[in-house]
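A.B. asks: Got a structure for you, written out below as structure tokens; questions coming shortly.
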Amino acid sequence: MTIHRARAESPVNVKPCTHDYQVNCGNCRLSSICLPLALEREDIEQLDDIIQRSRPMQKNQHLYREGDHFQSVFAVRSGAMKAYKTTDDGREQVTGFYFPGEILGMDGISKNTHASSAKTLETAAVCEIPFSSLEKLSTLMPSLQRHFFQLMSREITEDQQLITLLSKNSADERVASLMLSISARNARRKLSATHFRLPMSRVDIGNYLGLTVETVSRVFSRMQKLSLLRVDNKEIEILDPTALQDMANLGS
Amino acid sequence: MASTSFDSSPVTGIPFGDARIALAAKYACKGPRYTSYPTAPQFQADFPFYKFQNWLETNTDKQRDPLSLYVHLPFCNDICYYCACNKIVTREKGVARQYLDRLGLEIAQQARKLGDKRPVTQMHWGGGTPTYLDNAEITELMHMLASHFKLLDNGYREYSIEIDPRTVDLSTIALLKGVGFNRISLGIQDFDPLVQQATNRIQPYRAVAPLVESIRAHGFRSLSFDLIYGLPHQDMHTMTETLRKVIALRPDRIACYNYAHLPERFSSQRAIERLTLPSASEKLILAQHIAESLLDAGYQHIGMDHYVLPHDELAVAQNEGRLQRNFQGYSLHMADDLLGLGVSAISQIGDYYLQNETDLGKYYQRIDKGEQPLARGFEMSQSDKLRRHIIMNLISGLRLDIAECNDQFGIDFSGKFAREIQSLRPMENDGLVEIDARQIQITPTGRQFLRNICMPFDAYLAKQSGEQPPPRYSATV
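Protein sequence lines, in the order shown, are assigned to chains L and C.
Following numbering that gives the first Met the number 0, the numbering of the first sequence begins with 0 at its first residue and continues without gaps.
Following numbering that gives the first Met the number 0, the numbering of the second sequence begins with 0 at its first residue and continues without gaps.
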């Protein structure tokens, strides 16, 4: 069973999850699909058939590769993933980072094959919803398809907004925007918005933001000097969220 | 750009004034817009569709050729009084859902027939109002198309959608980019508040400008505006102000349409008070004003009614004589075959034109019975193809290369079309067109009379010579 009970705010009818993962389903972005399913279907066995859970994945293992047939969307349950494309000259271009409760794989929607590859940044686990199961279920639960595409459209929109946000502006603005994005995403799953560990390397951050590693490090140093952040290798503490917002220039 | 002397400008031709108005009066008549040749009124309701099926089954060598898709989304929240499109104005819940279900069946049916290996180099969602669909429905429709056709996510592709600025917010713009569109066409029509009120399409500049900014931020390859002249209450003053705003937003392309007032045919146009419409000569002055203002602002006039910035590939294409035109407008890389999906959509595949049922109820019935929803068809003869070549070259490239035409069709142009050339002579004398042994060239003045210049080559108009063309055509000028 995939429903991970949240300690305080879990819906009454949801069966507790026996697994101990970093995310509970109430905070997962897929929950608009899974929760109605869990509430409406008695037959937990069948529900388990629909939402497939992977075995724990090791670091640097692929979930899917660019060009693979687009047949499922995935939710990260624990750990973190990165998506990347391979450029014409064979270089890796990081296109996104995904944390527990977040959904990935939607970039296949406009071509029916995945437009990027996804691999783990650390030990991770995912849930998978295949379209074929969804279609079968949609006849039983007509609102399901609607929920699903609503969810997809929101995810695609937010991904695109972030890509656009990060593609403009100065190095300072880009790094600050990324830190704020991670902070907001942490807050969404009820984790600390000010204190978190970055699962990705400086190289990945630079690649994603279109900056050199040196520039990323320089920006982090500058942020430390200005007392916006405390950086200890991968541990980040946001000291002055307002000043960070100003640096990201999000108001304009 | 208005020249002080009375000489022809090399760009806009004879300056506006009495001479030009006299020309417009002289050539004012009703005629087709030539988005296709033969034009849609020639399509036959009793067409033997099995001929097309047979052709499709025996011509399997096209299974890898590029394909263009047109998707018609007929619904609108509100009526725009000038509109002559096939549309359904409704706010009833669930209509989009019912339509998407049928569209999904048609998509699956067509993909089986045409093959799912053909790279889709062009796609256009038109309406009605494509953004009548909400974000979830847009995502679902793109998923339907992508799971049945070979959509591309890199290389050359033109994936465009028409947006009614009143129906979208910034999140929709991000979504459209995310699901694969790279071109947006905004229905602006006119920025003047009184004109907007009189046409029931109220969308102030301050609502449009942020959309434009967002479209640019998301890196769409091209932004196009639709404008209309000839609308109620338009005059030089309102048009100047509208153009100022348009130029400030600097779209890559501007399509500038001539409003055709045909209230006897389009009931919504009856809401427009005839007395508030600019007269034919006033319209001509507006058209000229638009041309001069946009050329002054650095746009290049292409085809009949489009203006593009010089960096735009359509400008380059017209300069090289490679511009093409179909139902979707002008294009650079046109796929040979165009598949139209949805109610009233027109396909052009091989030598065939096919049109779906134009009535929504009938379209649903046919789909629900598992049939192809085709209502009318046409098979082009060799003569149709020759005349299409001539008309499309004139409409798109403003020029017909006679030697090339002779080569391609194995004809002697001057002999075969002696009568047509004769009909063009008065237009030549009026400076609209230049004809010699090598080519027919439209002059800058003639551009406004393109439909008139093409009409002699339209065999179906000639057939009804002596009588007025049926009133379904709009005024040419």
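Idealized CB from N, CA, C, for every residue including glycine.
Give me, in chain order, the residues of the same chain whose beta-carbon lies closer than 6 Å to that of residue 457 of chain C; leave out the 5 immediate sequence neighbours on both sides.
C.D. replies: One-based indexing of the second sequence puts residue 457 of chain C at position 458. Once the five neighbours on either side are set aside, residue 457 of chain C has no close Cβ partner at all.
A.B. asks: Grouping DSSP H, G and I as helix and E and B as strand, with all else coil, what is residue 438 of chain C?
C.D. replies: Counting from one through the second sequence, the residue named residue 438 of chain C turns up at place 439. If DSSP states are grouped into helix, strand and coil, residue 438 of chain C belongs with the strands.
A.B. asks: Rounded to whole angstroms, how far is the Cβ of residue 302 of chain C from the Cβ of residue 258 of chain C, which I believe are closer than 8 Å?
C.D. replies: Here residue 302 of chain C corresponds to residue number 303 of the second sequence, with the count starting at 1. Here residue 258 of chain C corresponds to residue number 259 of the second sequence, with the count starting at 1. Not confirmed; about 18 Å, so no contact.
A.B. asks: Does DSSP classify residue 126 of chain L as helix, strand or coil?
C.D. replies: Position 127 of the first sequence, counting from 1, holds the residue named residue 126 of chain L. Residue 126 of chain L falls in the strand class under three-state DSSP.
A.B. asks: When you check each C-beta in the stretch 108 to 119 of chain L against every C-beta of chain C, which residues fall closer than 7 Å?
C.D. replies: The residues in question are 108, 109, 110, 111, 114.
A.B. asks: Under 8 Å Cβ to Cβ from residue 423 of chain C, same chain only, skipping five residues before and after it: list those, please.
C.D. replies: Working through the second sequence from its first residue, we reach residue 423 of chain C at position 424. So the list reads 432, 434, 439, 452, 455, once near-sequence residues are dropped.
A.B. asks: Using DSSP with H/G/I as helix, E/B as strand and the rest coil, what is residue 455 of chain C?
C.D. replies: Position 456 of the second sequence holds residue 455 of chain C. Correct three-state label for residue 455 of chain C: helix.
A.B. asks: Can you give me the start and stop residues for the beta strand (DSSP E) that residue 141 of chain C sits inside?
C.D. replies: Counted from its first residue, the second sequence places residue 141 of chain C at position 142. It is not in any beta strand (DSSP E) - residue 141 of chain C instead sits in the alpha helix (DSSP H) that spans 134 to 147.
A.B. asks: Report the rounded CA-to-CA distance for residue 177 of chain L versus residue 96 of chain C, giving the unit in angstroms.
C.D. replies: Within the first sequence, numbered from 1, the residue matching residue 177 of chain L stands at position 178. Within the second sequence, numbered from 1, the residue matching residue 96 of chain C stands at position 97. If I take the Cα positions, the gap works out to 38 Å.
A.B. asks: For the alpha helix (DSSP H) that residue 86 of chain C lies in, which residues bound it at each end?
C.D. replies: Residue 86 of chain C sits at position 87 when you count from the first residue of the second sequence. Unbroken run through residue 86 of chain C: none, as it is neither H nor E.
A.B. asks: Are residue 392 of chain C and residue 398 of chain C closer than 8 Å when you measure CB to CB?
C.D. replies: By one-based count along the second sequence, residue 392 of chain C stands at place 393. By one-based count along the second sequence, residue 398 of chain C stands at place 399. Yes, they are a contact pair.
A.B. asks: Three or more C-beta pairs closer than 8 Å, one from the stretch 48 to 68 of chain L and one from the stretch 143 to 151 of chain L: is that the case here?
C.D. replies: Segments in contact, no.
A.B. asks: Does the distance from the CB of residue 210 of chain C to the CB of residue 164 of chain C come in under 8 Å?
C.D. replies: Locating residue 210 of chain C in the second sequence gives position 211, counting from the first residue. Locating residue 164 of chain C in the second sequence gives position 165, counting from the first residue. In this structure, residue 164 of chain C lies closer than 8 Å to residue 210 of chain C by Cβ.
A.B. asks: Could you give the residue range of the alpha helix (DSSP H) that holds residue 147 of chain L?
C.D. replies: By 1-based counting over the first sequence, the position of residue 147 of chain L is 148. Segment 142 to 166, the alpha helix (DSSP H) holding residue 147 of chain L.
A.B. asks: Beta carbon of residue 388 of chain C, beta carbon of residue 407 of chain C: below 8 Å?
C.D. replies: On the second sequence, residue 388 of chain C is found 389 positions in, with the first residue counted as 1. On the second sequence, residue 407 of chain C is found 408 positions in, with the first residue counted as 1. A contact, by the Cβ cut-off of 8 Å.
A.B. asks: Measuring only between beta-carbons, confirm whether residue 158 of chain L sits less than 8 Å from chain C.
C.D. replies: Position 159 of the first sequence holds residue 158 of chain L. So yes, residue 158 of chain L belongs to the interface.
A.B. asks: Please state whether DSSP places residue 336 of chain C in a helix, a strand or coil.
C.D. replies: Counted from its first residue, the second sequence places residue 336 of chain C at position 337. Note: residue 336 of chain C maps to strand in three-state DSSP.
A.B. asks: Thinking just about the alpha-carbon of each residue, which of C:300, C:409, C:128, C:354 is nearest to the one in residue 162 of chain C?
C.D. replies: Taking the second sequence and counting its residues from 1, one reaches residue 162 of chain C at position 163. Residue C:128 is the option with its Cα nearest to residue 162 of chain C.
A.B. asks: If we ignore side chains and look at the alpha-carbon of each, how far apart do residue 57 of chain L and residue 87 of chain L end up?
C.D. replies: Within the first sequence, numbered from 1, the residue matching residue 57 of chain L stands at position 58. Within the first sequence, numbered from 1, the residue matching residue 87 of chain L stands at position 88. So the two alpha carbons sit approximately 28 Å from each other.
A.B. asks: For the stretch 190 to 206 of chain L against the stretch 124 to 141 of chain L, do three or more pairs of beta-carbon atoms, one drawn from each stretch, fall closer than 8 Å, so that the two count as touching?
C.D. replies: With the cut-off at 8 Å, the stretch 190 to 206 of chain L and the stretch 124 to 141 of chain L do not touch.
A.B. asks: So with CB distances below 7 Å, who are the chain L contacts of residue 178 of chain C?
C.D. replies: Along the second sequence, read from residue 1 onward, the residue named residue 178 of chain C stands at position 179. Within chain L, the residues near residue 178 of chain C are 108, 109, 155.
A.B. asks: Which residue comes first and which comes last in the alpha helix (DSSP H) that contains residue 355 of chain C?
C.D. replies: Reading the second sequence from its first residue, position 356 is the one you call residue 355 of chain C. Segment 351 to 355 is the beta strand (DSSP E) holding residue 355 of chain C; no alpha helix (DSSP H) there.
A.B. asks: From the beta carbon of residue 149 of chain L, is the nearest beta carbon of chain C less than 8 Å away?
C.D. replies: Against the first sequence, residue 149 of chain L aligns to sequence position 150. For residue 149 of chain L, the answer is yes, since a Cβ of chain C falls inside 8 Å of its Cβ.
A.B. asks: Excluding the 5 residues preceding and the 5 following residue 74 of chain L in the sequence, name in chain order all residues of the same chain whose CB lies nearer than 6 Å to its CB.
C.D. replies: Taking the first sequence and counting its residues from 1, one reaches residue 74 of chain L at position 75. Closer than 6 Å at Cβ, skipping near neighbours: 27, 29, 102, 126.
A.B. asks: From this set, C:346, C:430, C:367, C:412, which residue's C-alpha is nearest residue 34 of chain C's C-alpha?
C.D. replies: As a working note, residue 34 of chain C is residue 35 in the second sequence. Per the Cα distances, C:346.
A.B. asks: Kindly give me the distance between the Cβ atoms of residue 242 of chain C and residue 172 of chain C, rounded to whole angstroms, as I take these residues to be in contact under 8 Å.
C.D. replies: Here residue 242 of chain C refers to the residue found at position 243 when the second sequence is read from its first residue. Here residue 172 of chain C refers to the residue found at position 173 when the second sequence is read from its first residue. Contact flag wrong, Cβ pair sits at about 24 Å.
A.B. asks: For residue 146 of chain C, which residues in chain L fall below 7 Å Cβ to Cβ?
C.D. replies: Your numbering for residue 146 of chain C matches position 147 in the second sequence. Chain L residues near residue 146 of chain C: 111.
A.B. asks: Quick one: Cα of residue 80 of chain L to Cα of residue 185 of chain L, how far?
C.D. replies: Reading the first sequence from its first residue, position 81 is the one you call residue 80 of chain L. Reading the first sequence from its first residue, position 186 is the one you call residue 185 of chain L. So the two alpha carbons sit approximately 15 Å from each other.
A.B. asks: Taking only runs that begin and end inside the stretch 268 to 337 of chain C, name each unbroken alpha helix (DSSP H) of 4 or more residues, in chain order.
C.D. replies: You should have 279 to 295, 312 to 318.
A.B. asks: If you measure between the beta carbons of residue 198 of chain C and residue 28 of chain C, is that distance less than 8 Å?
C.D. replies: Along the second sequence, read from residue 1 onward, the residue named residue 198 of chain C stands at position 199. Along the second sequence, read from residue 1 onward, the residue named residue 28 of chain C stands at position 29. Not closer than 8 Å, so no.
A.B. asks: Can you tell me whether residue 310 of chain C is buried or exposed, with buried defined as 16 or more other CB within 10 angstroms of its CB?
C.D. replies: In the second sequence, counting from the first residue as 1, residue 310 of chain C sits at position 311. By the neighbour-count rule (16 or more Cβ atoms within 10 Å), residue 310 of chain C is not buried but exposed.
A.B. asks: Using DSSP with H/G/I as helix, E/B as strand and the rest coil, what is residue 20 of chain L?
C.D. replies: Taking the first residue of the first sequence as 1, we reach residue 20 of chain L at position 21. For residue 20 of chain L, the predicted model reports a pLDDT of 48, less than 50, meaning its position is unreliable; a value from the coordinates is still stated below. DSSP places residue 20 of chain L in coil when its eight states are reduced to three.
A.B. asks: Between residue 340 of chain C and residue 348 of chain C, how many whole angstroms is the CB-CB distance? I'm expecting something under 8 Å.
C.D. replies: Position 341 of the second sequence, counted from the first residue, corresponds to residue 340 of chain C. Position 349 of the second sequence, counted from the first residue, corresponds to residue 348 of chain C. 12 Å between Cβ atoms; not a contact.
A.B. asks: Show which residues of chain C have a CB atom less than 8 Å away from the CB atom of residue 187 of chain L.
C.D. replies: As a working note, residue 187 of chain L is residue 188 in the first sequence. Residues of chain C passing the Cβ test: none, with the nearest at roughly 17 Å.
A.B. asks: Indicate whether residue 231 of chain C and residue 276 of chain C have their beta-carbon atoms separated by less than 8 Å.
C.D. replies: Your numbering for residue 231 of chain C matches position 232 in the second sequence. Your numbering for residue 276 of chain C matches position 277 in the second sequence. Against a cut-off of 8 Å, the Cβ pair of residue 276 of chain C and residue 231 of chain C comes out as a contact.
A.B. asks: If you run the structure through DSSP and keep just helix, strand and coil, what is residue 507 of chain C?
C.D. replies: Since the first and last residues shown for chain C are 0 and 476, residue 507 of chain C lies out of range.
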